[in-house]
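**Q** What follows is a structure written as structure tokens; I'll ask about it next.
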Amino acid sequence: MTTHPPSPPAGLVLPSYERPSGLHPPLDSPGYRSTALRAPSQRPLMITQGLTEITGPALGEGRVAPADADLTTQHAGEPLGERIIVTGRVLDSGGRPIPDTLVEVWQANAAGRYQHAVDNHPAPLDPNFSGVGRCVTDSEGRYRFVTIKPGAYPWRNHPNAWRPAHIHFSLFGRAFTQRLVTQMYFPDDPLFEYDPIFNSIPDPKARQRLISRFDINLTEPDWALGYEWDIVLRGSAGTVFEEQPAAGRRGERR
Amino acid sequence: MTGLPLTPSQTVGPYLTIGLPWPDGPTVVPGDTPGAITITGRLVDGEGAPVPDGLIETWQADPDGRFDHPDDPRGAPGQGTAFRGFGRCPTAPDGSYHIVTLRPGALPSPDGGREAPHLDVSVFARGLLDRVVTRIYFPDEEEANADDPVLSAITDPARRGTLIAAADADDKSRFHFSIRLQGEHETVFFDV
Numbered sequence: 003m004t005t006h007p008p009s010p011p012a013g014l015v016l017p018s019y020e021r022p023s024g025l026h027p028p029l030d031s032p033g034y035r036s037t038a039l040r041a042p043s044q045r046p047l048m049i050t051q052g053l054t055e056i057t058g059p060a061l062g063e064g065r066v067a068p069a070d071a072d073l074t075t076q077h078a079g080e081p082l083g084e085r086i087i088v089t090g091r092v093l094d095s096g097g098r099p100i101p102d103t104l105v106e107v108w109q110a111n112a113a114g115r116y117q118h119a120v121d122n123h124p125a126p127l128d129p130n131f132s133g134v135g136r137c138v139t140d141s142e143g144r145y146r147f148v149t150i151k152p153g154a155y156p157w158r159n160h161p162n163a164w165r166p167a168h169i170h171f172s173l174f175g176r177a178f179t180q181r182l183v184t185q186m187y188f189p190d191d192p193l194f195e196y197d198p199i200f201n202s203i204p205d206p207k208a209r210q211r212l213i214s215r216f217d218i219n220l221t222e223p224d225w226a227l228g229y230e231w232d233i234v235l236r237g238s239a240g241t242v243f244e245e246q247p248a249a250g251r252r253g254e255r256r
Numbered sequence: 002m003t004g005l006p007l008t009p010s011q012t013v014g015p016y017l018t019i020g021l022p023w024p025d026g027p028t029v030v031p032g033d034t035p036g037a038i039t040i041t042g043r044l045v046d047g048e049g050a051p052v053p054d055g056l057i058e059t060w061q062a063d064p065d066g067r068f069d070h071p072d073d074p075r076g077a078p079g080q081g082t083a084f085r086g087f088g089r090c091p092t093a094p095d096g097s098y099h100i101v102t103l104r105p106g107a108l109p110s111p112d113g114g115r116e117a118p119h120l121d122v123s124v125f126a127r128g129l130l131d132r133v134v135t136r137i138y139f140p141d142e143e144e145a146n147a148d149d150p151v152l153s154a155i156t157d158p159a160r161r162g163t164l165i166a167a168a169d170a171d172d173k174s175r176f177h178f179s180i181r182l183q184g185e186h187e188t189v190f191f192d193v
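Going line by line, the protein sequences match chains L and F. So the first sequence is numbered by this note's numbering: it starts at 3 and just counts up by one. So the second sequence is numbered by this note's numbering: it starts at 2 and just counts up by one.
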């Protein structure tokens, strides 16, 4: 983000990001008890996307070291559990990769315990696993983490409540509008049908998009199983029509 | 817009402080930077109880109203003005947060008017299945605030008031901005 063309003479033409409706979980989702006192009661007010919304921070440079993407080598010893590779691309809905964007993850250990003071699940902590990773996507929007498959864990939302195994993902994209925090799940988890957080997403097909795909080709022989998961952030007019010269100077970004 | 279907949101859950805070997150600029201000406040729920497991993120223009971003059609800010523009602070057990930054400048808006100086804010917490978004405006910008297209679209003065920080009685460099997720004096949130 160092070179910019000179300012255009007049008019402020900004990209316009799509606004998904019915995609994200309703904030008031009674099955997830913590929403009761935290979900706003008023509908959010729709505002025109201005300069603050169509720009966003460029984070990562000087903040992320390559080693931050390997959650299995952050301590003196190796963490217990099933070693896995989680990789995929960060894209916009136009199918364009989002390069150089920060991806942050956090997760429970193999026993389903977070290294967090509030987590009192009676499962062992692993002194060799903090459960935190960061990386910056490459020129093709790809991220890659090496970690341990997290365990399922109980929570007190309702009797006999268990969260399916998941990894928390935080994404920035390149605009404030694209900011997304979500969770990646693993294929064939028997807990999906019982989980009010997973099922808070109204469209069952959209829920499936949070489930990673096992890929034997990503698996490293004698070392780690491979899972692939792509993340799609909101696209904008001007990114979708990249090839058209009429997209003007925005097309020069890539 | 057609194309790839979007990835849905999920809550940050109760353990976000494992992964998201940075040591320098709350300091958009170092505290001894000339002109630095501190914005502080509390995140509270529908009963007025503190939310101790939330995260506040801010994004804003620099003092000249510029963004170092290729989609800002006005071009790059001047040399030597690197400004992160982004702040993040987890909430404390009493629901409090703080952000140390510079006051943003006013901005041209797409409709030809001007936006008053503001920060965009994302709020994350257990119990929020998606972030909620609000804005922080400044109390001593009456004229600019009156012309701001977002503020002026809110007809109820009490609702509009939830978006304007309070000046500190003693310290001109401090502002107070609390966020009420629900109920009486609920903060205005935006669909951006």
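Backbone N, C-alpha and C fix where the C-beta goes; we use that ideal spot for every residue, glycine too. Bear in mind that the values here come from a model prediction, so they are computed numbers and not experimental data.
Under 8 Å Cβ-Cβ, which residues of chain F neighbour L/H118?
**A** Sequence index remark: in the first sequence, residue 118 of chain L carries index 116 (1-based). Chain F residues near L/H118: P15, Y16, T18, I19.
**Q** For F/D72, return the contacting residues in chain L, with the cut-off set at a CB-CB distance below 8 Å.
**A** In the second sequence, counting from the first residue as 1, residue 72 of chain F sits at position 71. Near F/D72 (Cβ distances below 8 Å), the residues of chain L are L16, P17, I56, T57, R176, A177, R252, R255.
**Q** Since L/D121 sits in a beta bridge, which residues does DSSP pair it with?
**A** Within the first sequence, the letter at position 119 stands for residue 121 of chain L. According to DSSP, L/D121 bridges with nothing at all.
**Q** Consult DSSP for L/E1 and reduce its assignment to one of helix, strand or coil.
**A** Past the boundaries of the shown model lies residue 1 of chain L; chain L is included only from 3 to 256, so the question cannot be answered.
**Q** Just to check my reading of the structure: F/P91 and F/P24 have Cβ atoms closer than 8 Å, yes? What is that Cβ distance to the nearest angstrom?
**A** For the purposes of this step, residue 91 of chain F is identified with residue 90 of the second sequence, where counting begins at 1. For the purposes of this step, residue 24 of chain F is identified with residue 23 of the second sequence, where counting begins at 1. Not a contact, Cβ separation roughly 12 Å.
**Q** Measure from the C-beta of L/P22 to each C-beta in chain F and report whether the shortest distance is under 7 Å.
**A** Here residue 22 of chain L corresponds to residue number 20 of the first sequence, with the count starting at 1. Closer than 7 Å to some Cβ of chain F, the Cβ of L/P22 qualifies, so yes.
**Q** Helix or strand or just coil, what does DSSP make of L/S31?
**A** Indexing the first sequence from 1 puts residue 31 of chain L at position 29. Looking at L/S31 - three-state DSSP - the assignment turns out to be coil, as it is neither helix nor strand.
**Q** Leaving out five residues on either side along the sequence, give the residues of the same chain with a beta carbon under 6 Å from the beta carbon of F/L56.
**A** Within the second sequence, residue 56 of chain F is the residue found at index 55, counting from 1. Same-chain partners within the cutoff: L17, L21, P91, F125.
**Q** Under the assumption that F/T135 contacts F/V189 (Cβ atoms under 8 Å), give the Cβ distance between them as a whole number of angstroms.
**A** The residue given as residue 135 of chain F occupies position 134 in the second sequence. The residue given as residue 189 of chain F occupies position 188 in the second sequence. Confirmed, Cβ separation roughly 6 Å.
**Q** For L/G97, list the residues DSSP reports as bridge partners.
**A** If you number the first sequence from 1, residue 97 of chain L lands on position 95. BP columns for L/G97 are empty, so no partner.
**Q** Quick one: measure Cβ to Cβ for L/I233 and L/L173, integer angstroms, because I've assumed they're closer than 8 Å.
**A** Indexing the first sequence from 1 puts residue 233 of chain L at position 231. Indexing the first sequence from 1 puts residue 173 of chain L at position 171. Yes, L/I233 and L/L173 are in contact; Cβ-Cβ is about 6 Å, under 8 Å.
**Q** Where does the unbroken beta strand (DSSP E) through L/L173 begin, and where does it stop?
**A** One-based indexing of the first sequence puts residue 173 of chain L at position 171. It spans 168–173 - the beta strand (DSSP E) in which L/L173 sits, taken as one unbroken run.
**Q** With distances taken Cα to Cα, identify the nearest neighbour of L/F188 among L/P22, L/R65, L/F216.
**A** In the first sequence, counting from the first residue as 1, residue 188 of chain L sits at position 186. If we check each option's Cα against that of L/F188, L/F216 comes out closest.
**Q** Per DSSP, L/R144 is paired with what?
**A** In the first sequence, residue 144 of chain L corresponds to position 142, counting from 1. Looking at the DSSP assignment, L/R144 forms a beta bridge with L/R91.
**Q** From L/F200 to F/G79, what distance separates their C-alpha atoms?
**A** Position 198 of the first sequence, counted from the start, is the residue given in the question as residue 200 of chain L. Position 78 of the second sequence, counted from the start, is the residue given in the question as residue 79 of chain F. So the alpha carbons of these two residues sit roughly 46 Å apart.
**Q** Please state whether the Cβ-Cβ distance between L/V107 and L/I203 is less than 7 Å.
**A** Counted from its first residue, the first sequence places residue 107 of chain L at position 105. Counted from its first residue, the first sequence places residue 203 of chain L at position 201. Result no, Cβ atoms of L/V107 and L/I203 do not sit closer than 7 Å.
**Q** I think L/D18 touches L/A239, with their Cβ atoms under 8 Å apart; what is that distance to the nearest whole Å?
**A** The residue labelled residue 18 of chain L in the question sits at position 16 within the first sequence. The residue labelled residue 239 of chain L in the question sits at position 237 within the first sequence. The amino acid occupying residue 18 of chain L in the given sequence is Ser; Asp does not appear at that position. With 8 Å as the limit, L/S18 and L/A239 qualify as a contact, their Cβ atoms being about 5 Å apart.
**Q** Considering only their Cβ atoms, is the gap separating L/Q109 from L/P68 smaller than 7 Å?
**A** The residue given as residue 68 of chain L occupies position 66 in the first sequence. The residue given as residue 109 of chain L occupies position 107 in the first sequence. Against a cut-off of 7 Å, the Cβ pair of L/Q109 and L/P68 comes out as no contact.
**Q** Can you give, in chain order, each stretch of the beta strand (DSSP E) that sits fully within the region 76–124 of chain F and has at least 3 residues?
**A** 87–91, 97–102
**Q** What residues of chain F sit near L/W108, judged by a beta carbon separation below 8 Å?
**A** The count along the first sequence starts at 1 and reaches residue 108 of chain L at position 106. Correct list: Y16, L17, I19, G20, L21.
**Q** Suppose contacts are defined by Cβ-Cβ distances below 7 Å. Is L/I49 in contact with L/L16 by that definition?
**A** Against the first sequence, residue 49 of chain L aligns to sequence position 47. Against the first sequence, residue 16 of chain L aligns to sequence position 14. No, these two residues do not count as a Cβ contact at 7 Å.
**Q** Measuring only the C-alpha atoms, how far is F/A166 from L/I213?
**A** Residue 166 of chain F sits at position 165 when you count from the first residue of the second sequence. Residue 213 of chain L sits at position 211 when you count from the first residue of the first sequence. Going by the C-alpha atoms only, they are around 41 Å apart.
**Q** DSSP on L/R251, reduced to helix/strand/coil?
**A** As a first step, residue 251 of chain L is located in the first sequence; it is residue number 249 there, counting from the start. Caution applies to L/R251, whose pLDDT of 36 falls short of 50 and renders its modelled position unreliable; the value that the coordinates give is listed next. Three-state DSSP puts L/R251 in a helix.
**Q** Return the Cβ separation of L/D102 and L/G62 in integer angstroms, given the expectation that the two are a contact with Cβ distance under 8 Å.
**A** Reading the first sequence from its first residue, position 100 is the one you call residue 102 of chain L. Reading the first sequence from its first residue, position 60 is the one you call residue 62 of chain L. Correct: roughly 7 Å between the Cβ atoms.
**Q** Quick one: is L/V120 buried, meaning 16 or more other Cβ sit within 10 Å of its Cβ, or exposed?
**A** Reading the first sequence from its first residue, position 118 is the one you call residue 120 of chain L. L/V120 comes out exposed.
**Q** At the 7 Å Cβ level, is F/R127 part of the contact set with chain L, yes or no?
**A** Counted from its first residue, the second sequence places residue 127 of chain F at position 126. It does: the Cβ of F/R127 has a partner Cβ on chain L nearer than 7 Å.
**Q** What does the Cβ neighbour count give for L/P11, buried or exposed, with the cut at 16 atoms within 10 Å?
**A** Position 9 of the first sequence, counting from 1, holds the residue named residue 11 of chain L. Caution is warranted here: a pLDDT of 39 is assigned to L/P11, below 50, making its placement in the model unreliable, and no coordinate value can be reported.
**Q** Span of the beta strand (DSSP E) holding L/A163?
**A** As a position in the first sequence, residue 163 of chain L is number 161, starting the count at 1. Taken as a continuous stretch (DSSP letters only), the beta strand (DSSP E) holding L/A163 covers 163–165.
**Q** On the DSSP letters alone, give me the boundaries of the alpha helix (DSSP H) that F/R160 sits inside.
**A** Residue mapping note: residue 160 of chain F aligns to position 159 of the second sequence, counting from 1. 158–162 is the span of the alpha helix (DSSP H), which, as asked, contains F/R160.
**Q** Which of the three DSSP states, helix, strand or coil, is assigned to L/S18?
**A** Position 16 of the first sequence, counted from the first residue, corresponds to residue 18 of chain L. Strand at L/S18.
**Q** Just checking: is the beta-carbon of F/P24 within a distance shorter than 7 Å of some beta-carbon in chain L?
**A** Counting from one through the second sequence, the residue named residue 24 of chain F turns up at place 23. Answer no: the Cβ-Cβ gap between F/P24 and chain L never drops below 7 Å.
**Q** In the structure shown, what three-state DSSP assignment does F/F191 receive?
**A** On the second sequence, residue 191 of chain F is found 190 positions in, with the first residue counted as 1. Residue state, collapsed to three classes: strand.
**Q** Roughly how many angstroms lie between the CA atoms of L/T54 and F/H119, to the nearest whole one?
**A** Start at 1 with the first residue of the first sequence, and residue 54 of chain L comes out as number 52. Start at 1 with the first residue of the second sequence, and residue 119 of chain F comes out as number 118. Cα to Cα, the separation comes out at about 9 Å.
**Q** Would you check if the distance between the CB atom of F/R104 and the CB atom of F/P15 is smaller than 7 Å?
**A** One-based indexing of the second sequence puts residue 104 of chain F at position 103. One-based indexing of the second sequence puts residue 15 of chain F at position 14. No, the pair does not count as a contact, with Cβ atoms beyond the cut-off.
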